[in-house]
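Residue numbers (my numbering), protein chains in the order written: chain R, 71 to 519; chain H, 71 to 519.
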């Protein structure tokens, strides 16, 4: 039964709080204000009042080490980003129908880190908007309308993007023009992940042809975050990308999760695979919390698209967004956060892999740099996904003052992606807590059994 | 020929700049960075470096009185909003999966200004995201998939919302499930705007039934901004709303343009019509430039929607967005901007109507508060739309240091919507410049004729 124990919908799977909250309390007010849209972490949701670096502080004074949030990527409330945004807010915050030096300087800083062929950048407010636009551009360029994504992919919240986000939909509702292929892990493809995943993509492309859609794009979050974090072996994506192109489709790299140095293996997640995307979408960590995102694409693609349709984004690419984005790039550079993601990530992986040897519930430890997935299975039979045990570990870590999340079709993969400023000591603190929590899980497993 | 002289696509119609810009200059850099997405005002685009109140300053030192931008609604770089956002940025900027007092306080401040029945608020990053979600909710509630919009409506930039935005699409590309009805003006409906517009909505609803879509919603920007600003007579929308509901559809008020006190006739544009929307979308002026927007809907509607689909918005409703939004509400209240929009707007209208009597090219002066449309026609035959003359007036005003825009199917309506802090003196300054520019147009018309 454990396969069914966690909701299929990973973006809602942690929404377990008690809706009958005490009247007048903040939780009751939230439910009154947002109703069914009240997505909250934990059975007893946290009331957070402030945050700095990798730490968040709750209203009751408890401090939590944050290993979940990748939006405040260079650290919560990083002073340099706060200063840059605040200064620009006082000078000019306007749309891009006027020229502005800072905006072009930022786009050029970004382009210096992107493939040369992707010479145009469209600034948007959210990764959802960027992916929505990328889909429409891909359809114009290819003349096709079909999509291949991973089976628990999440690419955003607009109508078009939700349709290619199985994580947001009941399985039966995946539309005709979208096929979800099993996530690129050993569970699905054995030792030949590259070959197996490419074969799945080829089969899906043929099905899209048969259905009359053709392949518009293979869209992949480069770390397959919502599928449960799949990063190895490096290069496994390349044959799938080749296959997509051979079928007349584009390869869109969704870098909303792994981008901006998180993997430690390159500035962008796709770099692990030695591939060059046809288009790239950026988001979450881009402005350290300032709402901004982007699509990078070849000028010729946008030229085609704009021949048919008007597109303008009011808030996208404002001088304030540019100031936030530039500050994030500068901080990553000056604080050596790419290198830190690699070294602290390697240390974290070593500690977690050691913890795994002490537990009979860990199926696999995956990831790169400061993006890890720790897959939890049944005690003694870790190949059987156990979302309940994963939820228990997450709750247990919370009581130990550490915040992480879950991912994967069965909600059984611990998702670990702290701000990139995480120190070795903070990594150890998490690893210690995880070891203790896994030991407690082991203990209760014995008691139950 | 003048009917055809302006592009059908109002969001791109001012994109007339010379693309062969001097190499190394800012315009050339912009074109290299954004390609076909380089939407810019004026043949010689303005390089803006700073802005305060209703004024923007260009790189060459020229100051421009801004009667175009409604995003910096309480004034460019309003110190109170800047302070509120800056302070919150340094304390906490996180997603809504954690509880936060400031966020709920803001939503409650907003709800206090909204219809009681619309008791849930979903915070998003852009009006596009809000409208995209509103459409999906409406379809779930009604079981229908068709839309009625005005014939040059603009509701945003996602795929779903672009489909209900004729302003972004060639006429032939309006999809089967969308019908654009002529804008609610005397040109289309004579003296019975209310009856004529309702009849058009009824006919469109029947067509949607025949096509098998049924009516999901009548979606109206409450001031019909991109159609050319249609606000009178007050109440004209009510019979159309009744008709939409009688056909099983909802009425969605898109308040992205008129909301937050701009009309001076109420906090929201729909108030002019004595109607209560089934859902309301908010955007542009909501955070005075901070990227934020929202959907207000009955809890039961969202409950239905969420039963099928996961929805979460990463940046939407952060404590920083709440701080920006709360500061905007506070400034509107404390600076009496609703009253100012009414009084300065009335003065502006009086001056413009006087100018109109001196010109044989003004077909109509429309609007409420600080949202005006001035329709330009051919000299001596103002009923014939003249987009070229409108563009000439806009360019002429720019050389006189005043910025406005254009709207309408033929691009022939001057769109005037300054920051709400506009003073009587600044209104006079615009009116003087407009009078002079219309006189110059008259003069050249005589010379040409």
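Using N, Cα and C, we set each Cβ at its ideal position, and we do this for glycine too. Bear in mind that the values here come from a model prediction, so they are computed numbers and not experimental data.
- Positions along the stretch 202-227 of chain R whose CB lies within less than 8 Å of some CB in chain H: Answer set for the stretch 202-227 of chain R: 202, 203, 205, 206, 227.
- Message: Give me the DSSP bridge partner(s) of residue 146(R).
- Response: Note: residue 146(R) sits in a beta bridge opposite 123(R).
- Message: For residue 483(H), which residues in the same chain have their Cβ closer than 6 Å to its Cβ, ignoring the five residues on either side in sequence?
- Response: 298, 443, 445, 477
- Item | Environment of residue 194(H) [buried if 16+ CB atoms lie within 10 Å] | buried
- Under three-state DSSP, which class holds residue 309(R)? helix
- Message: Distance check for residue 412(H) and residue 496(H), CA to CA, integer angstroms please.
- Response: 15 Å
- Task: Consult DSSP for residue 72(H) and reduce its assignment to one of helix, strand or coil.
- Result: For residue 72(H), the pLDDT reaches just 32, beneath the cut-off of 50, and the residue's location in the model is therefore unreliable, although a value from the coordinates is still provided. Helix at residue 72(H).
- Message: For the pair the stretch 331-342 of chain R and the stretch 203-210 of chain R, tell me if three or more CB-CB distances fall below 8 Å.
- Response: Contact between the stretch 331-342 of chain R and the stretch 203-210 of chain R is absent: fewer than 3 CB-CB pairs across the two stretches fall below 8 Å.
- Message: I need the straight-line Cα distance from residue 502(R) to residue 255(R), nearest angstrom please.
- Response: 27 Å
- residue 487(R) vs residue 334(R) beta-carbon contact at 8 Å: no
- Once you ignore the five residues that flank residue 426(H) on each side, which residues in its own chain have a CB closer than 6 Å to its CB? Cβ neighbours of residue 426(H) beyond the five flanking positions: 432, 435.
- Message: Just to confirm before moving on: does the CB-CB distance between residue 146(R) and residue 489(R) stay below 8 Å?
- Response: For residue 146(R) and residue 489(R), yes; Cβs fall inside 8 Å.
- Message: Does chain R have any CB closer than 8 Å to the CB of residue 385(H)?
- Response: yes
- Query: Which one or two residues does DSSP pair with residue 557(H) in a beta bridge?
  - Reply: Given a span of 71 to 519 for chain H in the structure shown, any question on residue 557(H) remains unanswerable.
- Item | Run of the beta strand (DSSP E) containing residue 290(R), from where it starts to where it stops | 285-291
- Backbone CA spacing between residue 187(R) and residue 101(H) [nearest angstrom]: Their backbone Cα atoms lie some 15 Å apart in a straight line.
- beta strand (DSSP E) segment containing residue 401(H), residue limits: Residue 401(H) -> not in any beta strand (DSSP E); alpha helix (DSSP H) instead, spanning 389-404.
- Task: Give the residues of chain H in contact with residue 295(R), contact being defined as C-beta atoms less than 7 Å apart.
- Result: In chain order: nothing, as chain H lies at least about 13 Å away.
- Please compile the residues from chain H whose C-beta is within a distance smaller than 9 Å of the C-beta of residue 117(R). 168, 169, 170, 171
- Does any C-beta atom of chain R lie closer than 8 Å to the C-beta of residue 322(H)? no
- Taking C-beta pairs closer than 7 Å, name the residues in chain R that residue 155(H) reaches, listed in chain order. 159
- Starting from residue 364(H), find everything on chain R with Cβ-Cβ shorter than 7 Å and list it in chain order. Near residue 364(H) there are no residues of chain R at all, since even the closest Cβ is about 11 Å away, more than 7 Å.
- Task: List the whole-angstrom C-beta distance separating residue 355(H) from residue 143(H), where the pair is believed to meet the contact cut-off of C-beta under 8 Å.
- Result: 3 Å
- Item | Top-ranked residue by Cα proximity to residue 475(H), from 121(H), 138(H), 98(H) | 138(H)
- Item | Bounding residues of the alpha helix (DSSP H) (the contiguous stretch that carries residue 205(R)) | 197-212
- Message: Does any residue of chain H have a CB that is nearer than 8 Å to the CB of residue 124(R)?
- Response: no
- chain R within 8 Å of residue 99(H), Cβ atoms only: yes
- Task: Step through the CB atoms of chain H and report whether any lies within less than 8 Å of the CB of residue 381(R).
- Result: yes
- Mind checking if residue 402(H) is an interface residue toward chain R, Cβ cutoff 8 Å exclusive? no
- Task: With 9 Å as the limit, tell me which residues of the stretch 422-442 of chain H have their beta carbon closer than that to any beta carbon of chain R; keep them in chain order.
- Result: none
- DSSP three-state call for residue 134(R): helix, strand or coil? strand
- Item | For residue 296(R), the three-state DSSP class (helix, strand or coil) | In the structure shown, residue 296(R) adopts coil according to DSSP, grouped into three states.
- Hey, does residue 272(H) have any beta-carbon neighbour from chain R nearer than 8 Å? Chain R, which has no Cβ nearer than 8 Å to the Cβ of residue 272(H), makes this no.
- Task: Compare the C-beta of residue 515(H) with all C-beta atoms of chain R and state if any pair is closer than 8 Å.
- Result: no
- Query: To the nearest angstrom, how far is it from the Cα of residue 451(R) to the Cα of residue 345(R)?
  - Reply: Each residue's CA atom was taken as its position, placing residue 451(R) and residue 345(R) some 36 Å apart.
- Task: Using a Cβ-Cβ cut-off of 8 Å, state whether residue 336(R) counts as contacting chain B.
- Result: In the displayed structure, chain B is absent; the protein chains listed are R and H.
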